[in-house]
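Below: the structure, in structure tokens.
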Amino acid sequence: MSAIAPSVSNAINNAIPQSADGAAAPLSAPSRAIPREGGNSLGTFGVKSGLAQMLKGGVIMDVVNAEQARIAEEAGACAVMALERVPADIRKEGGVARMSDPQMIKEIVNAVTIPVMAKVRIGHFVEAQILQVIGVDYIDESEVLTPADEEHHINKHNFKVPFVCGARNLGEALRRISEGAAMIRTKGEAGTGNVVEAVRHERTVMAEIRRASSMNEEELYTFAKEIQAPFHLLKETARLKHLPVVNFAAGGIATPADAALMMHLGCDGVFVGSGIFHSGDPAKRARAIVQAVTHYNNPKILAEVSENLGAAMVGVTIDKNLQGGEFAKRGW
Numbered sequence: 001m002s003a004i005a006p007s008v009s010n011a012i013n014n015a016i017p018q019s020a021d022g023a024a025a026p027l028s029a030p031s032r033a034i035p036r037e038g039g040n041s042l043g044t045f046g047v048k049s050g051l052a053q054m055l056k057g058g059v060i061m062d063v064v065n066a067e068q069a070r071i072a073e074e075a076g077a078c079a080v081m082a083l084e085r086v087p088a089d090i091r092k093e094g095g096v097a098r099m100s101d102p103q104m105i106k107e108i109v110n111a112v113t114i115p116v117m118a119k120v121r122i123g124h125f126v127e128a129q130i131l132q133v134i135g136v137d138y139i140d141e142s143e144v145l146t147p148a149d150e151e152h153h154i155n156k157h158n159f160k161v162p163f164v165c166g167a168r169n170l171g172e173a174l175r176r177i178s179e180g181a182a183m184i185r186t187k188g189e190a191g192t193g194n195v196v197e198a199v200r201h202e203r204t205v206m207a208e209i210r211r212a213s214s215m216n217e218e219e220l221y222t223f224a225k226e227i228q229a230p231f232h233l234l235k236e237t238a239r240l241k242h243l244p245v246v247n248f249a250a251g252g253i254a255t256p257a258d259a260a261l262m263m264h265l266g267c268d269g270v271f272v273g274s275g276i277f278h279s280g281d282p283a284k285r286a287r288a289i290v291q292a293v294t295h296y297n298n299p300k301i302l303a304e305v306s307e308n309l310g311a312a313m314v315g316v317t318i319d320k321n322l323q324g325g326e327f328a329k330r331g332w
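Per the UniProt record's numbering, residue 1 is the first one in the sequence shown, and the count goes up by one each step.
Structure, rendered in structure tokens:
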């Protein structure tokens, strides 16, 4: 397994445009115009994590066709996730969930100007190679799809396209980053409309970071072994007091209040899957969730954007009888 440079934050900062005085310059709106060829630095961890930084403060929406992608873009989404079935339908229909049809993904890529993501199965590096060739902007190695490999995640350093991966705790997050993930999200429990697991995972990550930040170097060595994380990444995280890459919320977010809650807990943005296009008024709910992420500290605005949204998706209880099982337990 290849490892990233010890000072991840320096790599990230070097990938972000700077003004003459050295201060970070304002990032332009996310765009699909991400270079694919040329330049020795293309595909380095610093470049990929810098691209992910451009999504901070945004909402990424699951879409299954070009029409939904356009609705998401018009609502203010910073990116869309192209897939054939949203997680709620994957749960309901069962069977093996695989990478989506490349033709469908290309139609979505051609329909919008914002970045397009797509999912691959855990460990399925050939699916990832296909997505890179057809021009997606980010790849999600996702537990929502049926894992292809029960022992190995993809070596994400081998790809030019940035990867996002899910995590339930700090150890999982740092293992994925060591494999080359440029962005982390909570796993939550996708397709349930129930935010409780996303809350649990984000609180766990942040609590473990706070614990690490109070340790000396000897204690960090022991903690790194305990959580099975690379020491240099844990040390960097403890110094920063947050993950060294962008950290989004995902899994069960269905309302503007859910999205705002996850921002309060320390997330940099949110993924919304079934919660938008399984609701009564997808376009209005999409706009409301974007506003909620932007104004998560303003209860008055949150109250206004939460009015008259139509029915939310039907949520389910997460227990041993959960249809499709617990996706979050996939991966290691």
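By construction, the Cβ of each residue, glycine as well, lies at the ideal position given by its N, Cα and C atoms.
Ser49 counts as buried, since at least 16 other C-beta atoms from the protein chains shown sit within 10 angstroms of its C-beta. Looking from the CA of Asn216, the closest CA among Arg200, Ala229, Lys235 belongs to Lys235. Taking C-alpha positions only, Arg98 is separated from Gln129 by approximately 14 Å. In this structure Ile105 is in contact with Ile134, their Cβ atoms being roughly 6 Å apart against a cut-off of 8 Å. Put simply, the segment 224 to 234 does not touch the segment 265 to 273. Fewer than three CB pairs are less than 8 Å apart. Taking 8 Å as the upper bound for CB-CB distance, Asp62 and Val272 are in contact here, some 7 Å apart. Secondary structure note for Phe159: it is in no beta strand (DSSP E), with a DSSP letter that is neither H nor E. Annotated as distal: Met183 and Val270, with beta-carbon spacing of 7 Å or more. Counting only runs of 4+ residues, the alpha helix (DSSP H) found wholly inside the segment 153 to 235 occupies 170 to 178, 196 to 213, 217 to 227, in chain order. Using a Cβ-Cβ distance cut-off of 8 Å, the segment 77 to 86 and the segment 203 to 214 are not in contact, since fewer than three pairs of beta carbons, one from each stretch, lie closer than that value. Taking the C-beta atoms as reference points, Leu51 is found nearer than 7 Å to Pro162. Taking a C-beta distance under 7 Å as the contact criterion, Gly191 and Ser274 qualify as a contact pair. When rounded, the separation of the alpha-carbon atoms in Ser213 and Phe125 is 35 Å. In this structure Asn110 is exposed. Its beta-carbon is surrounded by fewer than 16 other beta-carbon atoms within 10 angstroms. Between Thr255 and Ala312 the beta-carbon gap is near 6 Å, inside 8 Å, which marks them as a contact. Judged by DSSP in its simplified three-state form, Asp258 adopts helix. Within the model, the alpha-carbon separation for Ile90 versus Glu218 is close to 45 Å.
The beta carbons of Leu145 and Lys187 sit no closer together than 7 Å. The closest CA to that of His152, considering only Ser142, Ile177, Leu170, Ile122, is found on Ile122. Straight-line spacing of the CA atoms in Ala167 and Gly310 works out to 32 Å.
Counting other Cβ atoms within 10 Å of its Cβ, Lys241 stays below 16 and is therefore classed as exposed. Remark: C-beta atoms of Ala260 and Ala283 do not approach each other more closely than 7 Å. Looking at Arg176, Leu220, Met262, Ile177, the one whose alpha-carbon comes closest to that of His201 is Met262. A distance below 6 Å between beta-carbons, with the five flanking residues on each side excluded, links Ser306 to the following residues of its chain, in chain order: Pro256.
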